[in-house]
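Heads up, the thing below is written out as structure tokens.
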Amino acid sequence: MRDSMIKKVSYFLIVFVSVLSCFPVFLLLVGAIASKEELGLYLKGILGDQGKAYMVIFPAFPTLQGFFELLLDQPEFYVVFWNSVKLTFLIVAGQFVISVPAAWGFSRWHGKASSTLYYIYTVLMLLPFQVTMLSNYIVIDKLGILDTHSAVILPAVFSTFPVFIIYRYFCKIPKELYEAFSLDSSSQFKLFWHMGLPLAMPGIKAAMLLNVIEYWNMVEQPLLFLKTPFLFPFSIYMPKVSKENISYIFVFSFVVLVPMAVISYWGRDEIQGGIGTLVLKT
Amino acid sequence: MRFLKFVKHTVLGRINRGIFLFLVSMAGMTVLSKIGDSFMIPQVEVGFPEQAKLEYPIEIEGRIKADGERAVYGREGLRIGHVKKQKGDFVKKGDLLFVFDKKELDLQIKGLEQKIYQCDLQIDNLEDVYQDQVNQQRKNLQRAQEDYDDILNSMGNAVDAAYLEMENAKAELEQHDNINPKKMQETEVTSQDARAAKEGPIPQDAQTAKKDLQKEEDTQNAWADKRAELEQNYLDMQKHYDDAVALQQESVKSALRQLEDARQTVSRDPSSVLVQMEKKELEESLEELKELHQAGGNVYCEFDGQVLDCSIATGSITSMEPVMILEDFSQSFEFEGMIETSVDPEVGEGTECTIEIKPEHKVLEGMRIEKVEAKDVGKYQVTVPLGPDAGTYPGDALLSCTKESRLYDNCVPVSALYSGETGDFVIQVKEEVTILGMQAVAEYVPVTIIEKNNLYAAVKENLSKTDSIIINASKPIKEGDRVRIIEK
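Chain order of the listed sequences is S and W. The opening residue of the first sequence carries number 0 in numbering that gives the first Met the number 0; numbering runs sequentially from there. The opening residue of the second sequence carries number 0 in numbering that gives the first Met the number 0; numbering runs sequentially from there.
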């Protein structure tokens, strides 16, 4: 009885916290289907006028006009959207090409040098962007790729985080499997491609998904390295909030949230597995 | 095979399928959005400010009329029998204008003939008088000539006679001088001295000498007396001669004067000439009346034209004033129009213009205004000669010309001007870097209008010649709106 009570309370608490954590998304949806006149009324305090700011659970006059306006009448949205898609895809693809072999190398190469290098990688991973941004800026400027997408993609492609996660999965492969495969073929590449890659795929997927979520929302790198508005991703495009465009901002935010929500939902197993492995191994 | 498996596993996996579908739908929405944007984005035509003068078209209603007017006169004092043409009627050469009363004509003709006869009589009378005068003058001349000749002859003879007497007296005096006893004695003494010098002196007696001396004195005295007498005679003859000459001159002079007087021609009496002149006039008038009579009293038009004024009516008596004023179409035409303005007329002499002749729908270009004349307060008459080659007829017409303002640095089309709460403005198109790349964005530029006409406006602001301003838009444009420039 007591156990079931505790269970129920725990369950209730968890649900409550979950709902609370999802509340901003819910408000986002409510704002997306409210008209700009209603939003102007609710959010008076934020939009510069005197008064309070509040939100309702459901708008008095819901409308999809914001969606029509955004999706059919605002070509700027698609420019920033496809910029974000391009940046995210190229970064993730580049990381796949660079990080996976790097992680394989770390898992297969044992020694002091390997450990030292891995240690440096870990330190780099822990450093916040603000610490390395100046050196990054200088290098990018010298390369002459400032104010291009390459300035954002290249540093991200060589990120250490996916190496860290994928390395853990490569380390999980038993030695015996290597020896068994070696009997069939002596090619290291075949070993990597036919054995290592499939076995570490969950980790790779987890890393890729986590990176997709991270780079879909990145702010600092585009803010620092991109000047031309035509190259902006949506994360730094958001226009100044005003009474005229408040509905547009809600809908915009909701629409760019949708792909990540879909990815998060459908890839939740991989993400959980990836994060779990990372935590357990750490 | 492996690759296909890999693709199937990766691309067609659950997550990737969802993402793929999402991206495909977003791509579709992108296309739709682009299509919608191309419909929604305002399409504009742009122009550039330019330096220009504002032109104001001016139209003046008026009329084409003949440059020349001609008056038709009728015989003074004749009665009008019938008027065929009235004011405003168009006439052609040969058209009947009006008809004189025939009875009146006949009376006039008869009166004139009588007057001419009277003149003839007067002239004959004056001619006779003149002839008499001429004959008399001839006679006087003849007589004067004769008198002159007589005087010449007679006076000449008298003078000759006096001269002869004077010469004779002079000869006698000279002859008497030659026998002067003193001279003779001196001559004798000289010859005695010469002989004495040669032969020696001759002795003389004293008493004889005294006697000789006395005798010499008496001779001398007698000679001197004679001489004085002769000399006096000579002087008298001389005086007589001078008198004769003087008399001759006087007589000849007098006769000559009389001759000159007699030679003066007899001048005709000017009243004869006057009568002749009067007769000539009467004959001319008669000729005219006879011609009129022959024409049945009809008066025809001698040229194409239009009756501007007709001062006669049936039964009226003609005067010295013209009976009709006609517009002569054989002369060149001119345009006359009135313009009303409270200030100076907007057109000046020499302004180039075109004239549209309404009835014929004909347009004459390249005309120039000849005269702008003030007719009344605020009313000006504009005259434009059309020239002999205009080839047109009177009728309503419309003069069109343009008045130009001063040169302005910045002129924009009127369609580029907009009015708002803050005043007038133009919409300038600027290239801006936006999320969509380099886009044409509208920007409001306030302007102050100095002057404007139907097409252009001169603005005060210093707009550059390269500034693109919107002159035509497919929909209202707000500041900051993207626009699409359409090339014309």
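No residue lacks a Cβ here, since even glycine has one placed at the ideal position from N, Cα and C. All of these numbers come straight from a predicted model, not from anything done at the bench.
Of the listed residues the options, nearest to residue i (C-alpha basis)
i              : options                        : result
P100 (chain S) : S:P161, S:S114, S:V257, S:S83  : S:P161
V133 (chain W) : W:C309, W:M183, W:P384, W:A261 : W:A261
G93 (chain W)  : W:K238, W:P445, W:G304         : W:G304
V413 (chain W) : W:F424, W:S404, W:Q107         : W:F424
G295 (chain W) : W:G17, W:Q42, W:E60, W:D100    : W:D100
I270 (chain S) : S:Y77, S:I212, S:D140          : S:I212
N179 (chain W) : W:K464, W:L398, W:W222         : W:W222
N297 (chain W) : W:H81, W:F334, W:E486, W:I63   : W:H81
F332 (chain W) : W:T350, W:E351, W:I356, W:S318 : W:I356
G275 (chain S) : S:M4, S:M124, S:M259, S:P201   : S:P201
L258 (chain W) : W:L140, W:L172, W:D131, W:V244 : W:L140
D408 (chain W) : W:E431, W:S463, W:A396, W:M366 : W:S463
R78 (chain W)  : W:A243, W:A168, W:L288         : W:L288
G314 (chain W) : W:T218, W:K238, W:G76          : W:G76
L360 (chain S) : S:L12, S:T159, S:Y247          : There is simply no residue 360 (chain S) to check, as chain S begins at 0 and stops at 281 in what is shown.
R367 (chain W) : W:D375, W:E359, W:K361, W:V381 : W:V381
A179 (chain S) : S:R167, S:P228, S:H193         : S:H193
H360 (chain W) : W:P384, W:M337, W:G394, W:E372 : W:G394
L31 (chain W)  : S:W265, S:S20, S:D72           : S:D72
A441 (chain W) : W:E431, W:L285, W:R226, W:I316 : W:E431
Y214 (chain S) : S:Q49, S:Q94, S:M4, S:K7       : S:Q94
L291 (chain W) : W:P445, W:E185, W:E301, W:R74  : W:R74
D375 (chain W) : W:G386, W:E364, W:T353, W:M337 : W:M337
L20 (chain W)  : S:S263, S:T62, S:P258, S:D268  : S:P258
L53 (chain W)  : W:D149, W:I150, W:L454         : W:L454
Delimiting residues of the alpha helix (DSSP H) encompassing residue i
i              : result
F332 (chain W) : No alpha helix (DSSP H) contains F332 (chain W), which is instead part of the beta strand (DSSP E) from 332-339.
L69 (chain S)  : 64-72
E178 (chain S) : 174-183
V133 (chain W) : 101-177
H360 (chain W) : No alpha helix (DSSP H) holds H360 (chain W); DSSP gives it neither H nor E.
Q220 (chain S) : 219-224
R1 (chain S)   : 1-32
L40 (chain S)  : 35-41
L208 (chain S) : 200-215
Whole-Å CB distance - residue i paired with residue j, under 8 Å assumed
i              : j              : result
S473 (chain W) : V428 (chain W) : That belief does not hold up - the Cβ atoms of S473 (chain W) and V428 (chain W) are roughly 14 Å apart, past 8 Å.
G273 (chain S) : A205 (chain S) : 2 Å
L96 (chain W)  : Y299 (chain W) : 7 Å
L27 (chain S)  : F253 (chain S) : 5 Å
E369 (chain W) : E348 (chain W) : 7 Å
L377 (chain W) : E339 (chain W) : First, the residue type needs correcting, since residue 377 (chain W) is Gly and not Leu in the sequence shown. The Cβ separation is near 6 Å, so the contact holds.
G17 (chain W)  : V261 (chain S) : 5 Å
T59 (chain W)  : L398 (chain W) : The sequence given here has Ile at residue 59 (chain W), not Thr. Between L398 (chain W) and I59 (chain W) the Cβ distance is about 4 Å, and since that is below 8 Å, they are a contact.
L246 (chain W) : M183 (chain W) : Not really, about 42 Å apart at Cβ, beyond 8 Å.
V24 (chain S)  : L256 (chain S) : 7 Å
F76 (chain S)  : F251 (chain S) : 6 Å
M237 (chain S) : I248 (chain S) : 6 Å
A102 (chain S) : Y166 (chain S) : 4 Å
Element boundaries [beta strand (DSSP E), containing residue i]
i              : result
Q42 (chain W)  : 42-46
F424 (chain W) : 422-433
P445 (chain W) : 436-445
P61 (chain S)  : P61 (chain S) -> no beta strand (DSSP E), and no H or E assigned at all.
P412 (chain W) : 394-412
L416 (chain W) : 416-419
V346 (chain W) : Looking at the DSSP string, V346 (chain W) is not in any beta strand (DSSP E), and its letter there is neither H nor E.
L385 (chain W) : 378-386
Y455 (chain W) : 455-458
K370 (chain W) : 370-375
- [ ] Check whether the segment 151-158 of chain S touches the segment 213-231 of chain S, taking contact to mean three or more Cβ pairs, one atom from each stretch, closer than 8 Å.
- [x] The segment 151-158 of chain S, when compared against the segment 213-231 of chain S, does touch it at the 8 Å Cβ threshold.
- [ ] Return the chain-ordered ranges of every alpha helix (DSSP H) run that is complete within the segment 87-160 of chain S and spans a minimum of 4 residues.
- [x] The qualifying runs are 111-125, 128-142, 149-156.
Open item on the list: Taking 8 Å as the cut-off, does the segment 131-150 of chain W touch the segment 263-272 of chain W (at least 3 CB pairs, one atom from each stretch)?
Closed with: As far as the Cβ criterion goes, the segment 263-272 of chain W touches the segment 131-150 of chain W, which means the pair count is three or higher.
Open item on the list: Under 8 Å, with one C-beta from each stretch per pair, do the segment 322-332 of chain W and the segment 61-70 of chain W reach the 3-pair mark?
Closed with: Judged by Cβ distances under 8 Å, the segment 322-332 of chain W makes contact with the segment 61-70 of chain W, as three or more pairs qualify.
Open item on the list: Does the contact criterion of 3 or more C-beta pairs under 8 Å hold for the segment 50-60 of chain S versus the segment 79-98 of chain S?
Closed with: Too few Cβ pairs lie closer than 8 Å, so no.
Task: Contact between the segment 36-53 of chain W and the segment 475-483 of chain W (3+ Cβ pairs under 8 Å) - done: As far as the Cβ criterion goes, the segment 36-53 of chain W touches the segment 475-483 of chain W, which means the pair count is three or higher.
Open item on the list: Which complete alpha helix (DSSP H) runs does the segment 237-268 of chain S hold, if anything under 4 residues is left out?
Closed with: Counting whole runs of 4 or more residues, the segment 237-268 of chain S contains the alpha helix (DSSP H) stretches 245-265.
Task: 3-residue-minimum beta strand (DSSP E) runs that sit fully inside the segment 269-341 of chain W, ordered along the chain - done: The qualifying runs are 297-299, 304-309, 323-327, 332-339.
- [ ] Taking 8 Å as the threshold, find out whether the segment 167-176 of chain S comes into contact with the segment 133-140 of chain S through three or more Cβ pairs.
- [x] Under the 8 Å Cβ criterion, the segment 167-176 of chain S does not count as touching the segment 133-140 of chain S, having fewer than three qualifying pairs.
TODO: Decide yes or no for the touch test of the segment 120-132 of chain W against the segment 212-232 of chain W: beta carbon pairs closer than 8 Å, at least 3 of them.
DONE: Touching, no.
- [ ] Enumerate, from N- to C-terminal direction, the unbroken beta strand (DSSP E) stretches of 3 or more residues contained entirely within the segment 17-98 of chain W.
- [x] The qualifying runs are 42-46, 49-65, 68-71, 79-82.
Open item on the list: Three or more C-beta pairs under 8 Å: does that hold for the segment 164-177 of chain W against the segment 235-243 of chain W?
Closed with: Touching, yes.
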